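A quick write-up on the structure given underneath.
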Amino acid sequence: MIAMKIGFIGLGAMGIRIVTRLLKAGYELYVYDIIKEKMQSLIQLGVKPCNNPKEVAINSDIIMMSLPDSKAVKEILLGENGVSYGVKENSIVIDLSTIEPTIYKECDEILKKRNVKLCDAPVSGGTEGAEAGTLTIIFGGDEDAFKRVQEVLKVIGKNIFYVGPLGSGQIVKLVNNSMAAVNLVGAIEAMVMGIKAGINPKLLYEIISVSSGTSRTFERKFSNHIFKGDFEPGFKVDLMYKDLGEALKLAKELKVPMVMASVAQQLFGMARTMGLGDKDTSSLIKVFEDLTKIKIPIF
Ligand code: NAD
Numbered sequence: 186m187i188a189m190k191i192g193f194i195g196l197g198a199m200g201i202r203i204v205t206r207l208l209k210a211g212y213e214l215y216v217y218d219i220i221k222e223k224m225q226s227l228i229q230l231g232v233k234p235c236n237n238p239k240e241v242a243i244n245s246d247i248i249m250m251s252l253p254d255s256k257a258v259k260e261i262l263l264g265e266n267g268v269s270y271g272v273k274e275n276s277i278v279i280d281l282s283t284i285e286p287t288i289y290k291e292c293d294e295i296l297k298k299r300n301v302k303l304c305d306a307p308v309s310g311g312t313e314g315a316e317a318g319t320l321t322i323i324f325g326g327d328e329d330a331f332k333r334v335q336e337v338l339k340v341i342g343k344n345i346f347y348v349g350p351l352g353s354g355q356i357v358k359l360v361n362n363s364m365a366a367v368n369l370v371g372a373i374e375a376m377v378m379g380i381k382a383g384i385n386p387k388l389l390y391e392i393i394s395v396s397s398g399t400s401r402t403f404e405r406k407f408s409n410h411i412f413k414g415d416f417e418p419g420f421k422v423d424l425m426y427k428d429l430g431e432a433l434k435l436a437k438e439l440k441v442p443m444v445m446a447s448v449a450q451q452l453f454g455m456a457r458t459m460g461l462g463d464k465d466t467s468s469l470i471k472v473f474e475d476l477t478k479i480k481i482p483i484f
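Numbering-wise (our numbering), the sequence shown opens with residue 186 and increments by one.
In C-alpha cells, the structure reads:
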C-alpha cells in the first residue's frame with residue numbers, strides 16, 4: 186500500500202497539514218494549488234509540485250482534494266486540464282472538502298467511464314485534527330474503494346466511518362457543521378451576557394466548561410482563539426457561511442425546518458459584512474463586541 190502515489194489538490198489550512206502527515210508516513214505526493222506559493226513551502230519536504238490537476242492525476246493512484254467550495258471541486262475535476270483528463274484507470278478520487286452533495290452526479294458519470302471511483306470524505310476536527318492525524322473522516326462512495334484506501338485514511342484520521350453511497354458523507358458533515366455553528370453562536374451570546382453582567386471571564390469559562398452548557402466548540406473556540414485574541418483560521422467564517430448555506434439548501438429540498446441554522450447563518454453573514462470572512466469562526470465574537478460595546482479580555 187505504501188507504494189501508492191498520492192495526488193493532493195488544495196493546500197489551504199487543512200490541505201497543507203494533511204499533505205505533511207502523508208509525506209511523513211512515506212507516501213510520494215504530487216500536489217497542486219491555484220496559488221503557486223502554497224506549493225513552494227512543501228517542496229523542501231519532498232512533494233512534487235504540478236502545473237495543473239491533470240498532471241497530478243497522471244502521476245497518482247489516489248487523488249485527494251481539500252477545496253473551498255462546490256465550484257472549485259467541479260472545476261478541478263471537469264475543468265480545463267482537470268483531473269478527469271489525466272486520471273488513470275482504477276484510480277480513486279477522494280474529496281475531503283465540505284460541499285454540496287448534488288454536484289458529484291455529473292463528475293461521477295464522467296469518471297466512471299474510466300473506471301475511476303469518486304468518493305466523498307469530508308472531515309471534522311479542524312486544523313488541530315489535521316496536524317495530529319486525528320480527524321473524523323466521513324466516507325461516502327464505493328465500499329471496495331473505502332477498503333482499498335484504509336491505510337491512507339488511517340494516516341490522517343482517527344475516527345473513520347463508512348456512511349453509504351457517494352454524497353452521503355457530505356450530508357453527515359452538514360448535520361455536524363449546522364450543530365457546531367448553532368453551538369458557537371449560543372456560546373458566544375451567552376458568554377457575552379455573563380461578562381457584561383460583571384462575571385470574571387476566566388472563572389465563567391472554567392465553570393461552564395465543567396457544566397451542562399459546555400461543548401467542544403465552546404471550549405476550543407474560547408481557549409484557542411477568543412481569550413488569546415487570535416482570530417487566524419482555523420476554520421474561516423466564509424467556509425462556515427457556505428456550509429450553513431448548503432445545509433439550508435438541503436433542508437429546503439427535504440422540507441425540514443432549520444430555524445437555528447438560519448439564524449446562525451445570518452450572524453456569520455454579519456461577520457462577513459464586517460470584513461471577517463477570512464478570519465476564524467471565533468471572530469463572530471467581534472459582532473457581539475460591536476453590538477454590546479464590551480471587549481472580551483485576553484489572557
Ligand atoms: P482554505 O481556504 O484554507 O484552503 C483552500 C485551498 O484551496 C487554498 O489553498 C486555495 O488556494 C485552494 N484553491 C481554491 N480554489 C482552487 C482551485 N480552483 N484550484 C486549486 N486550488 C484551489 O480552506 P481550508 O480551511 O483548508 O478548508 C478546505 C475544505 O475543508 C473546505 O471545504 C472546508 O469547508 C473543509 N474543512 C475545513 C476545516 C477547517 O478547520 N479549516 C475543517 C473541516 C473541513
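The C-beta atom is built at its ideal place from N, Cα and C for all residues, glycine as well. Remember, it's a predicted structure, so these values are computed and weren't measured experimentally.
Residue i and residue j: beta carbons closer than 8 Å?
i: residue 443; j: residue 363; result: yes
i: residue 424; j: residue 253; result: yes
i: residue 248; j: residue 232; result: no
i: residue 300; j: residue 266; result: no
i: residue 338; j: residue 322; result: yes
i: residue 446; j: residue 366; result: yes
i: residue 244; j: residue 190; result: yes
i: residue 452; j: residue 370; result: yes
i: residue 343; j: residue 418; result: no
i: residue 203; j: residue 251; result: yes
i: residue 334; j: residue 206; result: no
i: residue 420; j: residue 466; result: yes
i: residue 242; j: residue 271; result: yes
i: residue 351; j: residue 325; result: yes
Distance, Cα to Cα, residue i vs residue j?
i: residue 201; j: residue 216; result: 10 Å
i: residue 479; j: residue 381; result: 7 Å
i: residue 399; j: residue 388; result: 14 Å
i: residue 195; j: residue 383; result: 45 Å
i: residue 386; j: residue 481; result: 8 Å
i: residue 256; j: residue 262; result: 10 Å
i: residue 199; j: residue 315; result: 6 Å
i: residue 414; j: residue 290; result: 42 Å
What I want to know is whether the C-beta of residue i ends up closer than 7 Å to one or more non-hydrogen atoms of the ligand NAD.
i: residue 234; result: no
i: residue 212; result: no
i: residue 421; result: yes
i: residue 390; result: no
i: residue 332; result: no
i: residue 223; result: yes
i: residue 415; result: no
Rounded to whole angstroms, how far is the Cβ of residue i from the Cβ of residue j, which I believe are closer than 8 Å?
i: residue 312; j: residue 368; result: The pair is not a contact, with the Cβ atoms about 18 Å apart (cut-off 8 Å).
i: residue 429; j: residue 456; result: At roughly 12 Å, the Cβ-Cβ gap does not stay under 8 Å, so residue 429 and residue 456 are not in contact.
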